[in-house]
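All the letters of the sequence shown, read from the start, carry residue numbers 1 to 722 under UniProt numbering.
Just below is one structure, and these are the notes that go with it.
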Amino acid sequence: MRVLLLLALSTLAALGSSAPDISGLNWPANRALPLFPDAAKEIEYAKLTALSGEEQILLVSLQGLVNRRQPRLYLYWSPDSSNSDDEVNEAWLRQIEGQGFKSADVTSDPFRLVDKYKSDIRGAIVYDTKLPDTINLASTLAGLYGAVIASEELARRLNLSIIEDLRGRFKDKYELYEYAARSVWPKVTDRLITAIKPISTVLYANRTWETLLKANSSVTDSSNNGTYTADLSRFINRSNSVYVNITDAFPADGFGPSVYRVQVTADNQTVADFRPGDEAEDAFLFDDGGSHLADYPGGWRFADGSAAMIYKFDYPRRATQLTLTLSMWNQYLVSASADRPGYQKVNSIFRDYIVGTAAPCIWLDSNRPREAALLDKLLRQFQPNAAYLGWFPNGDEMTGVTQLAKNGIYVGAADFYFNPTLFGGFRSKDQAEQSTPKEQPADQPTEPSKDPSKDPSKDPSKSSPKQPPWGIPPRKLPKVFLSLVYLEGDNLQYDQRAMFTHWNDPERGSVPLGWTISPLLRDIGPGILSYYQRTATKNDLLIAGPDGAGYTYPGVWPKRALSDFLAQSGEYVRETRTDSVLFVYDRINATDNPLTPELTLAFQNAVGKQRLRGILYGSFVSTLEALQVNVTEAFPVTNMVSIGNEDSGAATLKNISDSYKGRGPLFVAGAVSAFDVTPASVNSMVKKLGDDFAVVRPDMWFDLLRRREGPGWPGPEWPRPP
């Protein structure tokens, strides 16, 4: 019998009426996420870049309603105004077509979908533009009532009855989420919570800025910490607004500005005075631009590399003198403009999944005490080992993951994951896994694909623990055995986007590489997972991203919930054949915690002792002295050397090698920056390292390490010089 995302029968009886039917989603107790039906063989797709945010969210909410019955709608748009195309979304559409699916382009008139699927729509939920968080509540209500999300104008234009109007109902987001938890969430699932930004900022392609302040040289040690002043008076005009952009003066090395106080005065009267992260900042932050707040206890906002923070300051009419004062350190580049640099719109990405599953949706910051207290209260409504899909306000990753972990909830980063309701039902034609496959025992060897690619080098069984990639042993025992691993694979949109781009680099496969990937793709993207499995070369190894079934910090979990998480993780990494190497974090907020022997063995037992070679631990170092390999009952855990780009990575690794004077090979695991370093760059870096280094695939690397640490592990013979 299908498990529905509804109230328990007893609760329904108490309510005296049945909740709207959201059947079509099968959710067995042993699955992390609900399962969408197999996609229809004929897909309709539309590029929505030319539409407004209000129009996009209406169509995306319709997509959620239609696709939960049978996935058939594929909608996408470019989030970058400088590029109207979205090559990744279009490339995935070609992959879907390549698996035997037909497609029809409805971009010229996407609203014909409203007419075509009118029977799926029971009405419209209208959100309050003055309180953006109502968009999150509207998303849950739309899934619950079988409605679309709309402005009043659009609802009237499309002849949709308004069944819920959220305008003017709540004074702030605290009242809104309290109401949602009390009156709406008991009617939907308690196994899944989502977190998506209600509003996004789109910057104009040809925006210009005038430089005000710039660090004269690269500063990475906060030695220029101070207070800096700039005159904004020349930007005064009839708009009575000025925009200030703070970004990285030297973006290549990732030590951008850290700002801890912002002040603006007009004719000596205070216009703004706040510390980033305080609620007072919200009124002025036009776009966080990928900047982050420092994790707890916080106190500053930083923008490294291509990130930026853009503030908007409104000043009084007839102002004559406008002054900006910033307290900050490191590599600042401050500029300003009187022209609006972009616009804000409703954020529709991932909304189809929220509507399709009728999942609770929030946007609360764990770094703000009042929001964190409310979030703790809300999380108590969810089952242990529930999933949190989305991300965190202000990039407050570590504080957010810690708070969720303390409540027994893990994270799947999904805030830029397009078309989850379509990919949830897209299964490639050669994919053996069905909705409820038979689970493999923990210590049964992984079975290779029954229908590998015709090219033997792309046989997914090459990722099997049975088939090490060593080939011909080196003629000379190297000084350093190096494994290289791309991080960020727990991030579902990385798996869909940046990883896809790297994967199609012509030089992929020339160097052994580990690729972290989310086992949650088993449920929310089986066709994506299958694509990587069947196109992997013998030098590619798929690795479960942190920390198994989802991203978390296991050391702070409640004991019973952790047991459930580990059991689920073991099943998921086995079923996705990512079980030879595991990447694990353990932190409390921003502080790394060494992985305890108890947790180490718990992960090993959950995955299977004859499967899991070792654990890559998310503690990143850059010197020989900081390298660590901890061995518990012949099972190794190692930290990693951070590789941010080709040149600095080669320099760091060479320095470690030059410093090593020990006997026998040194073992180094490298963590490759997932968004910035291409396989071609990795290949170029490896060439710079020379003959002292032998690069091996991560599973083989652990086999060799365990051979060094002691006998008894079935693996290749220790390579000897001739």
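All C-beta atoms in this analysis are idealised placements derived from N, C-alpha and C, irrespective of residue type, glycine included.
(request) May I ask you to report which of helix, strand or coil DSSP gives P526? (result) Here residue 526 refers to the residue found at position 526 of the sequence shown. In this structure, P526 counts as helix in the three-state DSSP scheme.
(request) With a threshold of 16 other CB atoms inside 10 Å of the CB of R663, please say whether the residue is buried or exposed. (result) Position 663 of the sequence shown, counted from the first residue, corresponds to residue 663. So R663 ends up on the exposed side.
(request) Indicate whether S428 and R697 have their beta-carbon atoms separated by less than 8 Å. (result) As a first step, residue 428 is located in the sequence shown; it is residue number 428 there, counting from the start. As a first step, residue 697 is located in the sequence shown; it is residue number 697 there, counting from the start. No; because the gap between Cβ atoms is not below 8 Å, this pair is not in contact.
(request) Can you check DSSP and say which residues form a bridge with M499? (result) As a working note, residue 499 is residue 499 in the sequence shown. Under DSSP, M499 takes part in no beta bridge, so it has no partner.
(request) Give me the Cβ distance between A336 and N245, rounded to the nearest whole Å; I'm assuming they're in contact under 8 Å. (result) Numbered from its first residue, the sequence shown carries residue 336 at position 336. Numbered from its first residue, the sequence shown carries residue 245 at position 245. Right, their Cβ atoms sit about 7 Å apart.
(message) Helix, strand or coil, according to DSSP, for E44 in the structure here?
(response) Position 44 of the sequence shown, counted from the start, is the residue given in the question as residue 44. Under the three-state reduction of DSSP, E44 is assigned to strand.
(message) Does any residue of chain E have a CB that is nearer than 8 Å to the CB of Y531?
(response) Considering every chain present, this structure includes no chain E. It has just one protein chain.
(request) Let me know the secondary structure DSSP gives D352 once reduced to three states. (result) The count along the sequence shown starts at 1 and reaches residue 352 at position 352. Three-state result, D352: helix.
(request) With DSSP as the reference, label Y585 as helix, strand or coil. (result) Working through the sequence shown from its first residue, we reach residue 585 at position 585. Per DSSP, reduced to three states, the secondary structure at Y585 is coil, with no helix or strand assignment.
(message) Here's a check: name, in chain order, each residue in its chain whose Cβ is nearer than 6 Å to the Cβ of D592, leaving out the five neighbours to either side.
(response) Walking along the sequence shown from the start, residue 592 turns up at place 592. If we look at D592 and ignore the five residues flanking it on each side, its Cβ neighbours are S619.
(request) Just tell me which of K609, L192, G608, L627 has its CA closest to the CA of Y617. (result) Within the sequence shown, residue 617 is the residue found at index 617, counting from 1. The shortest Cα separation from Y617 among K609, L192, G608, L627 belongs to L627.
(message) Helix, strand or coil, according to DSSP, for Q568 in the structure here?
(response) Taking the first residue of the sequence shown as 1, we reach residue 568 at position 568. Helix, per DSSP.
(message) Residues in the same chain with beta-carbon distance under 6 Å from I656, minus the five sequence neighbours each way, listed in chain order, please.
(response) Residue 656 sits at position 656 when you count from the first residue of the sequence shown. Take I656, set aside five residues on each side of it, and the residues of its chain with a beta-carbon closer than 6 Å to its own are L624, in chain order.
(request) Measure the alpha-carbon distance for E371 versus F392 and round it to whole angstroms. (result) For the purposes of this step, residue 371 is taken as residue 371 along the sequence shown, with counting starting at 1. For the purposes of this step, residue 392 is taken as residue 392 along the sequence shown, with counting starting at 1. Going from the Cα of E371 to the Cα of F392 covers about 12 Å.
(message) Whether or not the region 40–54 and the region 393–403 are in contact is what I'm after, with contact meaning three or more pairs of Cβ atoms, one per stretch, closer than 8 Å; do they touch?
(response) Verdict: no, contact absent.
(message) In whole angstroms, give me the CA-to-CA distance for L704 and S580.
(response) Taking the sequence shown and counting its residues from 1, one reaches residue 704 at position 704. Taking the sequence shown and counting its residues from 1, one reaches residue 580 at position 580. Each residue's alpha carbon lies about 14 Å from the other.
(request) Flag this pair as yes or no: are the beta carbons of A147 and R182 separated by less than 8 Å? (result) As a working note, residue 147 is residue 147 in the sequence shown. As a working note, residue 182 is residue 182 in the sequence shown. Not in contact: A147 and R182 (Cβ atoms no closer than 8 Å).
(request) Ignore the nearest five residues each way along the sequence and tell me which others in L293's own chain have a CB closer than 7 Å to its CB. (result) Sequence index remark: in the sequence shown, residue 293 carries index 293 (1-based). Correct list, in chain order: P276, G277, R301, N367, N394, G395, D396.
(message) If you reduce the DSSP assignment to three classes, tell me which class F235 lands in.
(response) Translated into the one-based positions of the sequence shown, residue 235 becomes position 235. Looking at F235 - three-state DSSP - the assignment turns out to be helix.
(message) To the nearest angstrom, how far is the alpha carbon of D190 from that of P360?
(response) Looking up residue 190 in the sequence shown gives position 190. Looking up residue 360 in the sequence shown gives position 360. Approximately 8 Å, taken between the alpha carbons.
(request) Go through its chain and collect everything with a Cβ distance to R340's Cβ below 6 Å, but skip five positions before and after it. (result) If you number the sequence shown from 1, residue 340 lands on position 340. Hits under 6 Å: none found.
(request) Tell me whether L213 counts as near the ligand ZN, meaning its Cβ is closer than 7 Å to at least one heavy atom of that ligand. (result) What this structure holds is no ligand at all, so the ligand ZN is not there to describe.
(message) According to DSSP, simplified to helix, strand and coil, what is S241?
(response) Against the sequence shown, residue 241 aligns to sequence position 241. Of the three classes helix, strand and coil, the one that applies to S241 here is strand, per DSSP.
(request) Work out the CA separation of N347 and P384 for me, nearest whole Å. (result) Here the question's residue 384 lines up with position 384 in the sequence shown. Here the question's residue 347 lines up with position 347 in the sequence shown. Near 29 Å, if we compare the C-alpha coordinates of N347 and P384.
(request) Give me the Cα-Cα distance between A432 and A536, rounded to the nearest whole angstrom. (result) Your numbering for residue 432 matches position 432 in the sequence shown. Your numbering for residue 536 matches position 536 in the sequence shown. Only weak support exists for where A432 lies, its pLDDT of 39 falling under 50; the value from the coordinates is given anyway. Going by the C-alpha atoms only, they are around 17 Å apart.
(message) Determine whether the beta carbon atoms of D495 and P546 lie at a separation below 8 Å.
(response) For this step, residue 495 is matched to residue 495 along the sequence shown. For this step, residue 546 is matched to residue 546 along the sequence shown. Not a contact, by the Cβ cut-off of 8 Å.
(request) Go through the region 625–708 residue by residue and report every complete run of the beta strand (DSSP E) that reaches 3 residues or more, in order. (result) Fully enclosed beta strand (DSSP E) runs of no fewer than 3 residues occupy 629–632, 635–643, 666–672, 693–695 of the region 625–708, in order along the chain.
(message) Once the 5 residues before and after Q344 are set aside, which same chain residues still bring their CB inside 6 Å of it?
(response) In the sequence shown, the residue the question calls residue 344 occupies position 344. Only I199, T201 meet the Cβ criterion.
(message) Out of P594, A91, N240, which one is the CA nearest neighbour of A338?
(response) Counting from 1 along the sequence shown, the entry for residue 338 is found at position 338. Closest by alpha carbon: N240.
(request) In the DSSP assignment, find the beta strand (DSSP E) that holds Q269 and state where it starts and stops. (result) Mapped onto the sequence shown, residue 269 falls at position 269. 269–274 is the extent of the beta strand (DSSP E) around Q269.
(message) Relative to the C-alpha of L192, which candidate in L158, I57, Y353, L232 has its C-alpha closest?
(response) Counting from 1 along the sequence shown, the entry for residue 192 is found at position 192. Nearest C-alpha to L192: Y353.
(message) Within the continuous beta strand (DSSP E) that includes W515, where are the two ends?
(response) As a working mapping, residue 515 is identified with position 515 in the sequence shown. Where W515 is concerned, the enclosing beta strand (DSSP E) stretches over 513–517.
(request) Name the two residues that bound the continuous beta strand (DSSP E) containing F620. (result) On the sequence shown, position 620 is the one that residue 620 refers to. According to the DSSP assignment, F620 belongs to the beta strand (DSSP E) that extends over 614–621.
(message) Can you tell me whether residue 744 is buried or exposed? The criterion is at least 16 other CB atoms within 10 Å of its CB, across all chains shown.
(response) Any answer about residue 744 is impossible in this case: the structure gives the chain only from 1 up to 722.
(message) Taking the straight line between their C-alpha atoms, what separation do you get for I615 and Y585?
(response) For the purposes of this step, residue 615 is identified with residue 615 of the sequence shown, where counting begins at 1. For the purposes of this step, residue 585 is identified with residue 585 of the sequence shown, where counting begins at 1. Each residue's Cα considered, the two are about 10 Å apart.
(request) Determine the burial state of N89: buried for a count of at least 16 other Cβ atoms within 10 Å of its Cβ, exposed for fewer. (result) Mapped onto the sequence shown, residue 89 falls at position 89. Using a 10 angstroms sphere on the CB of N89, the tally of other CB atoms reaches 16 or more, which defines it as buried.
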